[in-house]
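Structure, as structure tokens:
2 protein chains.
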Amino acid sequence: MTDYPSPDMSGVELVDVLRALGDPVRLQIVRRLGDGVPCPKTPEIWEDLNLSKSTMSHHFRTLRESGLTRTVVHGRTHTIQLRKDELAEKFPGLIEAILPDPPR
Amino acid sequence: MTDYPSPDMSGVELVDVLRALGDPVRLQIVRRLGDGVPCPKTPEIWEDLNLSKSTMSHHFRTLRESGLTRTVVHGRTHTIQLRKDELAEKFPGLIEAILPDPPR
DNA sequence: TCGACGGTATGACGTTCATCGAACAATCAT
DNA sequence: ATGATTGTTCGATGAACGTCATACCGTCGA
């Protein structure tokens, strides 16, 4: 079982988080992950983005390495999860500010 | 008197703001502008950043074009100002989240 | 009017980045 | 075992970016 480590939040830098968010594709991914619930990587996330598998994988890696997301492996299926609580503690208000609308 | 137009806030995109913030130099500039008070471009802002005049000018332009700042010309002196109120209305919570500390 | 000053525009250079196809790796079903 | 599925890694390519030195431009003071 392969492991995809995400950095400890103590080493996560604000500027790197912002840089990761400063791409249209990645911002959209994060906003779809807004509830913090793990989400399968493949289907509805990028059917409409019209990007190749490898490009999506690149963005998933960037998000994970920036500290924004965590990747969980289940067999041959991967799910991606926004590290919402940890981020809220380290950068209060940031995630809420970039998520779609108010949570209503 | 030359004019340096900043975009209307209605056309400002979140992803462009985040991209502008995703650079160490620009993030630092914005954080020093946090109070929204106009700040002269030259002196204390970048004496310690050890960057050339033209590089700073490039970052100032990027910030202005992204919608984050406004440039005001007084004679041969330029001041830069964070568009704090407009940004707070368009992207609630964002600026506060990336500014140093709580305002105390 | 003429220089000095504050800042911008231009062009160049090296690096990073987003993107893709193809190859690879790991797991599940048969 | 074998093949199909799910996703990552690698190598390449073109665009965007950060940086600098130089040239340029508008303004102020003598």
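Those sequence lines, one after another, are chains S and V. Residues in the first sequence are numbered consecutively from 2, following our numbering. Residues in the second sequence are numbered consecutively from 2, following our numbering. Using N, Cα and C, we set each Cβ at its ideal position, and we do this for glycine too. Bear in mind that the values here come from a model prediction, so they are computed numbers and not experimental data.
Can you tell which of the options has the C-alpha that lies nearest to the C-alpha of residue i?
i	options	result
residue 102(S)	12(V), 47(V), 93(V)	93(V)
residue 66(V)	78(V), 53(V), 82(V)	82(V)
residue 68(V)	91(V), 54(V), 47(V)	91(V)
residue 28(V)	37(S), 30(S), 15(S), 33(S)	15(S)
residue 74(S)	42(S), 34(S), 9(S)	42(S)
residue 47(V)	9(V), 30(V), 62(V)	30(V)
Please list, in chain order, the chain V residues whose beta carbon lies closer than 9 Å to that of residue i.
i	result
residue 92(S)	98, 99
In chain V, what lies closer than 8 Å to residue i by C-beta?
i	result
residue 16(S)	22, 23, 24, 25, 28
Let me confirm a value: residue i is counted as buried when at least 16 other C-beta atoms fall within 10 Å, else exposed. Which label applies?
i	result
residue 52(V)	exposed
residue 70(S)	buried
residue 58(S)	exposed
residue 23(V)	buried
residue 72(S)	buried
residue 77(S)	exposed
residue 104(S)	The predicted position of residue 104(S) is uncertain, since its pLDDT is 46 and thus under 50; no value can be drawn from it.
residue 55(V)	exposed
residue 7(V)	buried
Flag this pair as yes or no: are the beta carbons of residue i and residue j separated by less than 7 Å?
i	j	result
residue 99(V)	residue 88(V)	no
residue 26(S)	residue 60(S)	yes
residue 39(V)	residue 80(V)	yes
residue 21(V)	residue 64(V)	yes
residue 85(S)	residue 12(S)	no
Got a sec: does the ligand COA put a non-hydrogen atom nearer than 6 Å to the Cβ of residue i?
i	result
residue 38(S)	The model on display carries no ligand, and the ligand COA is accordingly not part of it.
Given that residue i touches chain S, what residues does it touch there, using C-beta distances under 9 Å?
i	result
residue 34(V)	Here the premise fails: no neighbours, minimum Cβ distance about 16 Å.
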